[in-house]
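Below is one structure, written out as structure tokens; comments come after it.
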Amino acid sequence: MQPKTLYDKIWESHIVVPESDAPAIIFIDLHLIHEVTSPQAFDELRARKLRVRRPDLTLGTADHSIPTTTRVLVASDDQMAYDQVKKLDTNCEEFGIELFGIGSDRQGIVHVIGPEIGATQPGKTIVCGDSHTSTHGAFGALAFGIGTTEVGHVLASQCLLQRKAKNFEIRIDGKLREGITAKDVILYVISQIGTAGGTGSVLEFSGSAVRDMNMDARMTLCNMSIEAGARAGLVAPDETTFEYLKGRPKAPQGAEWDKAVACWRNLKSDAGAVFDRQIVIDAATIEPMISFGTNPGMSMPIGAKVPLSDNEEMRRALQYMNLKPGEPLLDHPIDVVFIGSCTNSRMTDLRAAASILKGRHVAPNVRAVIVPGSYQIKQMAEAEGLDKIFKDAGAEWREAGCSMCIAMNADKLEPGQYSISTSNRNFEGRQGPGGRTMLASPLTAAASAVTGRVTDLRRMLNS
Amino acid sequence: MTKLDRVTSRVVCFTAENVNTDQIIPARFLKRIDKTGFGNDLFADMKPPEVFGLSGARQRQIMLCGPNFGCGSSREHAVWALRDFGFRVLISTSFADIFSENALKNGVLIITLDAASHAQLVAAWQEAPHSEMTVDLEKQVISFSGLNIPFTGNSFSRTCLLEGLDELGYILRHEKQIAAFEAAR
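If you read the sequences in order, they're chains D and L. Residue numbers 1244 to 1706, in the working numbering, belong to the letters of the first sequence in order. Residue numbers 70 to 254, in the working numbering, belong to the letters of the second sequence in order.
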């Protein structure tokens, strides 16, 4: 039998109608929905008098347009956000979809709660009207973002029209050095292959550095696959994956669990499987990374100097960021630190931030906002006393949501402000019109919050 | 889906690289729960002079774009905004994956050209920025200023656009196979 990649295996096991001139029709095992990209899809369903085919395979939450200062949405605060979230409530009720809405103790960022509740499982096909659906690939699930029309397709048919993508292996061998996180790894990868390097491909992250990562870190890695242009990223499931999932509410239980794990063990690329493209990275060479421009590919080691603006895009980016070629980024003053988003808002991230902030204080002119990925994470962090560390350090400790990653609520930068953000996109205006974003790990963000300047976190380790 | 076979129109030439969907439509405009009127918010913050400095931009139905156009978020609002602004055809050397899917589903034709053909069109446009271009999907040819540039694309997408095929209807016609797949799990 011809050796197959992990992606090949998941793809083949979900074909309802094979690809011909027309794309394949593939079956979707889990459809996650949120308030921003679903209302028009439900309207389409109503207009066509269709039902949701598999409400049992559909899960909703509110995360994008909700406030993070409170767990209650008030119409007078933001009428449009209120209407949008209410629409999600009524749509889920009308079509019988389980919803972890605002105020629910399972509410959170859609890509945080799927794994947390155990709905995200190896070998599944998972879609959501959100490009960071790639996050779930950390479990060896084929997970990718779709548009609203496709949300409608999945609601109505539990299927999607898809063409098979290419296989692209990114092997990260060796050991990461102290203070280097999955966020630094993925920023490094994107800086190497570019923001379109993965277009048309599914990335499979492999190698000993990936094996050594816990699930939170693997989610960070897969989360930003889309920033390299790849709709999906994958990590083959292993004991770390199974241990994470065991006992979670929607994970298989009892004998079903043993059966599932036995199946999941086959979910890996066979020896000799052919990838369309492969790159190998030595983990030990990766430094703390930071972005200097206006896409995640414009990232560099934190001690490096801003590169020469050799094209129009780079010139425009540096102008927007008000940075000069040849200038170091270290010690550049910052205004805001944001720790959160579907990239870096899990326990591992919060513990990392706390390890730096413990016994230290956020610099006087800096605003630090820490937003947990879910209500569950908030509770866990508080049980560990992380909230106290954050508040004692002078940081704001918020309710769960997308917050300043997308700036759809009140959490945003003022024009011209610099932020160090653990989120995924440093696009112009992403964190608020005129705001200037530098992407980095939670460790780098926390260290920079303390000094008020771009800081090499290694200065603060073990001190 | 709206049919599209042939479009003749003046052209916008905006070839910046990596134009992302946040630039096409910033997130703060995504709180609306309908699909219409997003054209007024197109490129709301970026305001590229290549688009807004051009006479009759909203009547121009074709845009020459730069590489990796539409990267970033999956928001279909980006396509709704482009479509509502007036665009029916986008021509580049590459597009982001999710954006391409969203475009097709809204009757917007995506044409991917090799770099040399794309450069030829851009150079010709610079000579004649107010001339009309014809994009013929039936014959798969772009005609502009004496140039006739052939293009290809996958035949299913072409059929969808030419016939205005409804993709959801197409999927639902396979009900038997879907039910059989579900039963076999």
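Ideal Cβ positions, reconstructed from N, Cα and C, are used throughout, including at glycine.
Please work out which residues of its chain come closer than 7 Å, Cβ to Cβ, to residue i, disregarding the five sequence neighbours upstream and downstream, and give them in chain order.
i: Gly1540(D); result: Ile1433, Ser1434, Gly1437 and Thr1438
i: Gly1450(D); result: Arg1414, Ile1415 and Asp1416
i: Thr181(L); result: Ser161, Thr162, Ser163 and Phe164
i: Thr115(L); result: Note that residue 115(L) is Met in the sequence shown here, rather than Thr. Hits under 7 Å: Gln92.
i: Phe112(L); result: Gln92, Ile93 and Val120
i: Phe154(L); result: Gly108, Leu111 and Arg127
i: Thr1313(D); result: Glu1642
i: Gln209(L); result: Pro219, Phe220 and Thr221
i: Asn89(L); result: Cys140 and Gly141
i: Gly1783(D); result: In the structure as shown, chain D starts at 1244 and stops at 1706, and residue 1783(D) therefore has no counterpart that could be examined.
i: His1761(D); result: Residue 1761(D) lies beyond the residue range present for chain D, which begins at 1244 and ends at 1706; the question has no answer from this structure.
i: Gly1395(D); result: Ala1284, Glu1287 and Leu1288
Report the partner residues of residue i according to the DSSP bridge assignment.
i: Gly1678(D); result: Per DSSP, none; premise fails for Gly1678(D).
i: Tyr1661(D); result: Arg1679(D)
i: Val1295(D); result: According to DSSP, Val1295(D) bridges with nothing at all.
i: Asn137(L); result: In DSSP, Asn137(L) forms no bridge with anything.
i: Val1579(D); result: Arg1610(D) and Ser1662(D)
i: Gly1273(D); result: With the sequence shown as reference, residue 1273(D) is identified as Leu, and Gly is not the correct amino acid for it. For Leu1273(D), which the question treats as bridged, DSSP gives the partners Ile1369(D).
i: Met202(L); result: Ser78(L)
i: Asn89(L); result: Cys140(L)
i: Asp1525(D); result: Asp1416(D)
i: Phe1411(D); result: Leu1446(D) and Arg1520(D)
i: Gly1303(D); result: Ile1276(D) and Leu1342(D)
i: Gly1351(D); result: Ser1617(D)
i: Pro219(L); result: Val210(L)
Here's the rule: buried if 16 or more other CB atoms are within 10 angstroms of the residue's CB, otherwise exposed. What is residue i?
i: Ala1498(D); result: exposed
i: Thr77(L); result: exposed
i: His199(L); result: exposed
i: Cys1506(D); result: exposed
i: Val1523(D); result: exposed
i: Ala1318(D); result: exposed
i: Gln1327(D); result: buried
i: Lys1567(D); result: exposed
i: Met1296(D); result: The residue you asked about is not Met; residue 1296(D) is Arg in the sequence shown. Under this definition Arg1296(D) is a buried residue.
i: Lys1252(D); result: buried
i: Gln1496(D); result: exposed
i: Leu173(L); result: buried
i: Arg1668(D); result: buried
i: Thr1368(D); result: buried
i: Asn1509(D); result: exposed
i: Pro1571(D); result: exposed
i: Ser224(L); result: exposed
i: Gln1405(D); result: buried
i: Thr1248(D); result: buried
i: Asn171(L); result: buried
i: Arg75(L); result: exposed
Looking at the C-beta of residue i, does it have a partner C-beta in chain B at a distance below 8 Å?
i: Ala1516(D); result: No chain B is part of this structure, whose protein chains are labelled D and L.
Which residues in the same chain have their Cβ closer than 6 Å to the Cβ of residue i, if we skip the five residues on either side of it in sequence?
i: Arg152(L); result: Asn175 and Val177
i: Ile1423(D); result: Ile1529
i: Ser212(L); result: Thr203
i: Ser1666(D); result: Ser1584, Thr1586 and Cys1648
i: Phe1285(D); result: Asn1334
i: Ile1613(D); result: Ile1582, Phe1633, Ala1638 and Trp1640
i: Arg1679(D); result: Met1564 and Tyr1661
i: Pro1246(D); result: Asp1513, Gly1515 and Ala1516
i: Lys1418(D); result: Ala1526
Using a Cβ-Cβ cutoff of less than 8 Å, which residues in the same chain neighbour residue i once the five nearest sequence positions on both sides are dropped?
i: Ile1620(D); result: Gly1351, Val1355, Glu1359, Ser1588, Arg1589, Met1590, Leu1593 and Ala1643
i: Asp1519(D); result: Lys1409, Asn1410, Phe1411 and Ser1444
i: Gln195(L); result: Cys82
i: Leu1573(D); result: Ile1545, Gly1546, Arg1696, Val1697, Thr1698 and Asp1699
i: Arg1701(D); result: Glu1421, Gly1422 and Pro1531
i: Met1623(D); result: Met1590
i: Thr1391(D); result: Thr1280, Ser1281, Gln1283, Ala1284 and Gly1372
Meets three-Cβ-pair contact criterion under 8 Å: the stretch 1669-1681 of chain D and the stretch 165-177 of chain L: no
Any beta strand (DSSP E) of 3 or more consecutive residues that is wholly inside the stretch 1355-1404 of chain D: 1368-1371 and 1385-1388
Validate contact between the stretch 1365-1385 of chain D and the stretch 218-228 of chain L using beta carbons, cut 8 Å, 3 pairs: no
Cβ contact (3+ pairs, closer than 8 Å) linking the stretch 1540-1552 of chain D and the stretch 1424-1433 of chain D: yes
Secondary structure, beta strand (DSSP E): runs of 3+ residues fully inside the stretch 1593-1648 of chain D: 1610-1613
Whole beta strand (DSSP E) elements within the stretch 1463-1522 of chain D, 3-residue minimum: 1475-1477
Length at least 4, wholly inside the stretch 123-183 of chain L: the alpha helix (DSSP H) runs in chain order: Counting only runs that start and end inside the stretch 123-183 of chain L, the alpha helix (DSSP H) elements of at least 4 residues fall at 146-154 and 166-174.
Touch test, the stretch 1287-1307 of chain D against the stretch 1393-1409 of chain D, Cβ-Cβ under 8 Å, three pairs minimum: yes
The stretch 1678-1697 of chain D / the stretch 1596-1603 of chain D touching (three or more Cβ pairs under 8 Å): yes
Every unbroken beta strand (DSSP E) within the stretch 1537-1578 of chain D, with a cutoff of 3 residues, ordered by chain: 1542-1544
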